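Note sheet for the following structure.
Numbering (this note's numbering), first residue to last: 141 to 325.
Structural data, given as structure tokens:
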């Protein structure tokens, strides 16, 4: 990860409800998808194979599988974008990731989506933002040039509580050694 990149974590402070049962449901749906696709894990399914066989799955199970399979591909592409310092590509990948968590995996909530939207308005393609964690509340993570941190924080502080009635918590961090490939260590 570029050393001059700021990492901003914003907690929506949305209390999570019924999380355990929803986590278990998503896990069961992914296991059903893997079984239906004839693999032990969805990590073994390429996007091409999924496109070919998704019609054999229950539509809801297929949505869950599509998220996992495309998220795996996005993660690999994001690592390459970070290595190349390509924030425009990383921005698109993080936006796609969030949309997939919202639309296919259905683990975001309006409060988290609100923060993502506010941050995205400020960042454009100069950085990326997405939900992070298990979903159903919680935090977003945003990567951005340090010069945008104050503007992002100000936008969230001015808009989020007005829209949701909740007060966010903002944490600004900096990767000291930068992210690296674990295999190269």
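C-beta: ideal position from N, C-alpha, C; glycine also.
Note that this is a predicted model, so its numbers are computed, not measured.
Three-state secondary structure assigned by DSSP to residue 309: In the chain shown, counting from the first residue as 1, residue 309 sits at position 169. Reduced to three states, the DSSP call for residue 309 is strand.
Where residue 244 falls, given that 16 or more other Cβ within 10 Å makes a residue buried: One-based indexing of the chain shown puts residue 244 at position 104. Buried, since its Cβ has 16 or more Cβ neighbours within 10 Å.
C-alpha gap between residue 210 and residue 183, whole angstroms: Residue mapping note: residue 210 aligns to position 70 of the chain shown, counting from 1. Residue mapping note: residue 183 aligns to position 43 of the chain shown, counting from 1. In a straight line, the C-alpha of residue 210 is about 10 Å away from that of residue 183.
Uninterrupted alpha helix (DSSP H) stretches inside the stretch 232-289 (no shorter than 4 residues): 250-263
Meets three-Cβ-pair contact criterion under 8 Å: the stretch 272-280 and the stretch 297-304: no
Separation of residue 272 from residue 172, as counted between CA atoms: Residue mapping note: residue 172 aligns to position 32 of the chain shown, counting from 1. Residue mapping note: residue 272 aligns to position 132 of the chain shown, counting from 1. If you take the alpha carbons of residue 172 and residue 272, they lie about 24 Å apart.
6 Å CB neighbourhood of residue 265 in its chain, flanking five on each side removed: On the chain shown, residue 265 is found 125 positions in, with the first residue counted as 1. Within the same chain, residue 265 has close Cβ partners 228 and 231.
Residues near residue 236 in its chain [Cβ-Cβ closer than 7 Å; skip 5 each side]: As a first step, residue 236 is located in the chain shown; it is residue number 96 there, counting from the start. So the qualifying residues of the chain are 214.
Residue 251 vs residue 152 beta-carbon contact at 8 Å: Translated into the one-based positions of the chain shown, residue 251 becomes position 111. Translated into the one-based positions of the chain shown, residue 152 becomes position 12. The answer is yes: Cβ separation under 8 Å.
Start-to-end residues for the alpha helix (DSSP H) that takes in residue 179: Numbered from its first residue, the chain shown carries residue 179 at position 39. Per DSSP, residue 179 belongs to no alpha helix (DSSP H) and is neither H nor E.
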